[in-house]
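Chains as they are written, first to last, in our numbering: chain D, 2 to 227; chain Y, 2 to 227.
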DNA sequence: CTGACGCATTGTGTATACCCAAGCCGCCGA
DNA sequence: TCGGCGGCTTGGGTATACACAATGCGTCAG
């Protein structure tokens with residue numbers, strides 16, 4: 002693998018996981034030394050992160066990890082709603098038009114069979130499979146690229162708002178409906194179920210954020226509302 | 002301005018204008034020499050173009066200008082529909098919620114007053130102003146970034162499909178309705194009028210493409226159907 | 001004559017050196 | 001003592017040198 006790819010993946014992971022907190026300054030020489038690559042591939046990695054919106058130029062000389070607040074999450078979900086509703090609708094239409102619906106039927110089965118107590122990691126792994134099936138079903142590179150950007154940011158949002166088991170179970174049920182609708186070729190239901198799911202997801206995330214600001218963690222990097 | 006920015010702008014312009022035809026191989030040393038910059042900033046420019054989807058790695062060693070066909074245009078419009086309908090709806094909602102609607106009222110006026118015989122350049126200049134007003138009204142950086150990518154590709158699509166005066170006049174009327182709906186804060190009308198406009202635009206473009214393949218230009222870079 | 005192997009060439013990936021601009025600190029003058 | 005100016009330091013932008021890998025062509029063997 003190329004050094005620039007390694008640098009990108011490493012920085013992406015560390016930003017998404019919060020190891021590199023929002024506001025952290027990414028100096029080229031320092032990061033290059035830390036990641037064991039030279040400045041040239043590191044610059045390319047930072048450029049890609051900037052294109053993703055995960056870092057930004059605070060001033061002509063300093064690049065910082067971008068922050069994400071409740072307004073960002075609302076804005077992100079507005080885009081997500083637009084793209085995922087379309088994706089669900091198109092996928093269902095294509096299934097109705099003869100494309101294979103088995104992957105979605107299988108996922109719907111997974112979500113009904115799966116232990117609702119399963120941990121968040123298993124849940125998100127299944128979500129990733131669903132996303133992959135959706136991408137394959139829509140077969141639209143432009144849409145996939147746009148969704149990829151949204152998902153990149155979404156990883157950070159999920160970290161900000163830890164899910165509770167009840168929400169996870171409800172979310173699984175919502176996804177079961179979406180997957181079933183796509184498998185059945187019901188475009189309108191797939192789109193509306195997606196809308197409903199995203200509404201609940203956004204509500205839960207914002208509520209979780211409000212809780213977190215009421216009882217902030219120790220060693221919180223940003224001052225918060227407290 | 003930075004050398005990498007100059008290289009990016011120049012290459013972007015030349016790809017969008019067709020000076021660099023689809024399939025053209027972009028070798029680093031050759032392009033760096035041609036644009037009068039060194040390989041380092043040129044690599045950054047090519048990287049940005051790759052992120053935009055305007056160039057792609059055909060093989061590990063060759064980067065080529067991507068092609069765009071009827072299927073690409075349909076895929077692009079699927080994304081465009083999702084994003085612009087949302088943008089129009091959100092803009093109208095925000096106007097209804099107290100945001101200034103004057104820019105859209107002024108644009109609606111422009112489109113009703115404007116000479117329907119006006120040339121395509123003037124038409125697209127007004128469209129650009131409308132896009133700018135829309136971006137400002139929605140105030141959603143994630144949505145704006147996604148729309149920016151779509152518009153980047155759209156420039157190439159417009160070049161492929163030369164517009165006729167009748168379509169330009171009809172399109173102006175469609176935009177007048179959209180702008181009025183936003184100015185009036187009518188979100189549903191704004192979204193549906195956008196949907197209708199994009200349907201007509203896509204239909205006209207595909208028809209124009211079909212005409213063009215019936216009577217291909219001389220010196221056409223790709224063999225075409227003829 | 002054909003196919004495979006090896007060498008040469010070319011171009012990308014990476015490292016590094018140089019240059020310039022911006023920010024900061026200290027000094028001087030008011 | 002405070003404000004402004006100038007130099008120094010630091011870091012990003014660019015150019016270039018070097019290394020490696022892939023591709024293409026030529027040659028040799030079957």
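Note that CB positions come from ideal geometry on N, CA and C, so glycine has one too.
Taking the alpha carbon of residue i as the point to measure from, which residue in the options has its own alpha carbon closest?
| i | options | result |
| --- | --- | --- |
| residue 150 of chain D | Y/181, Y/146 and Y/152 | Y/146 |
| residue 170 of chain D | D/6, D/202 and D/161 | D/202 |
| residue 134 of chain D | D/91, D/155, D/63 and D/30 | D/91 |
| residue 167 of chain D | D/120, D/35 and D/12 | D/120 |
| residue 200 of chain Y | Y/10, Y/181, Y/176 and Y/105 | Y/176 |
| residue 156 of chain D | D/102, D/18 and D/79 | D/18 |
| residue 5 of chain D | D/86, D/32 and D/153 | D/32 |
| residue 172 of chain Y | Y/154, Y/195 and Y/212 | Y/195 |
| residue 15 of chain Y | Y/3, Y/47, Y/82 and Y/110 | Y/47 |
| residue 158 of chain Y | Y/28, Y/100 and Y/81 | Y/81 |
| residue 111 of chain Y | Y/26, Y/161, Y/130 and Y/71 | Y/130 |
| residue 174 of chain Y | Y/128, Y/65 and Y/162 | Y/128 |
| residue 25 of chain D | D/56, D/45 and D/215 | D/56 |
| residue 161 of chain D | D/213, D/198 and D/204 | D/213 |
| residue 22 of chain D | D/64, D/49, D/38 and D/40 | D/64 |
| residue 7 of chain Y | Y/36, Y/30 and Y/50 | Y/36 |
| residue 137 of chain D | D/53, D/101, D/205 and D/152 | D/101 |
| residue 10 of chain Y | Y/153, Y/34, Y/204 and Y/77 | Y/153 |
| residue 163 of chain Y | Y/20, Y/209 and Y/67 | Y/209 |
| residue 204 of chain Y | Y/87, Y/192 and Y/79 | Y/79 |
| residue 51 of chain Y | Y/42, Y/60, Y/67 and Y/39 | Y/67 |
| residue 108 of chain D | D/178, D/87 and D/45 | D/178 |
| residue 180 of chain Y | Y/29, Y/86, Y/49 and Y/58 | Y/86 |
Going along chain D in order, which residues have a C-beta closer than 9 Å to the C-beta of residue i?
| i | result |
| --- | --- |
| residue 56 of chain Y | Neighbours of residue 56 of chain Y on chain D: none; closest Cβ ~14 Å, over 9 Å. |
Ends of the beta strand (DSSP E) at residue i?
| i | result |
| --- | --- |
| residue 87 of chain D | Taken as a continuous stretch (DSSP letters only), residue 87 of chain D belongs to no beta strand (DSSP E), being part of the alpha helix (DSSP H) at 71-97. |
| residue 56 of chain D | 56-60 |
| residue 64 of chain Y | 63-66 |
Shorter than 7 Å from the beta carbon of residue i to some beta carbon of chain D?
| i | result |
| --- | --- |
| residue 97 of chain Y | no |
| residue 87 of chain Y | yes |
| residue 197 of chain Y | no |
| residue 222 of chain Y | Low per-residue confidence applies at residue 222 of chain Y: pLDDT is 41, beneath 50, and the placement is therefore not dependable, though the value from the model is reported in the following sentence. Closer than 7 Å: no. |
| residue 225 of chain Y | Its pLDDT being 32, under 50, residue 225 of chain Y is placed unreliably by the model, and nothing is read from it. |
Compare the C-beta of residue i against all C-beta atoms of chain Y and say whether one is closer than 7 Å.
| i | result |
| --- | --- |
| residue 158 of chain D | no |
| residue 1 of chain D | Outside the modelled stretch of chain D, which goes from 2 to 227, sits residue 1 of chain D, for which no answer is possible. |
| residue 147 of chain D | yes |
Under 8 Å between beta-carbons, which chain Y residues line up against residue i? List them in chain order, please.
| i | result |
| --- | --- |
| residue 144 of chain D | 76, 79, 80 and 83 |
| residue 52 of chain D | 49 and 52 |
Counting only Cβ pairs nearer than 8 Å, list the residues of chain D close to residue i.
| i | result |
| --- | --- |
| residue 45 of chain Y | 44, 45 and 48 |
| residue 41 of chain Y | 41 |
Can you name the start and end residues of the alpha helix (DSSP H) that residue i belongs to?
| i | result |
| --- | --- |
| residue 139 of chain D | 121-139 |
| residue 103 of chain D | 103-114 |
| residue 153 of chain Y | 142-161 |
| residue 172 of chain D | 166-184 |
| residue 212 of chain Y | 188-215 |
| residue 1 of chain Y | This structure cannot settle anything about residue 1 of chain Y, because the visible part of chain Y is limited to 2 through 227. |
| residue 6 of chain Y | 4-18 |
| residue 22 of chain Y | Counting along the chain, residue 22 of chain Y falls outside any alpha helix (DSSP H), and DSSP gives it neither H nor E. |
| residue 33 of chain D | 29-36 |
Going along chain Y in order, which residues have a C-beta closer than 7 Å to the C-beta of residue i?
| i | result |
| --- | --- |
| residue 91 of chain D | 79 |
How about the stretch 92-99 of chain Y and the stretch 181-191 of chain Y: do they share at least three Cβ pairs that are nearer than 8 Å? Taking 8 Å as the limit for Cβ pairs, the verdict is that the stretch 181-191 of chain Y does touch the stretch 92-99 of chain Y.
Would you call the stretch 125-143 of chain Y and the stretch 73-93 of chain Y in contact, with 3 or more CB pairs under 8 Å? Note that the stretch 125-143 of chain Y touches the stretch 73-93 of chain Y; at least 3 beta-carbon pairs, one per stretch, sit closer than 8 Å.
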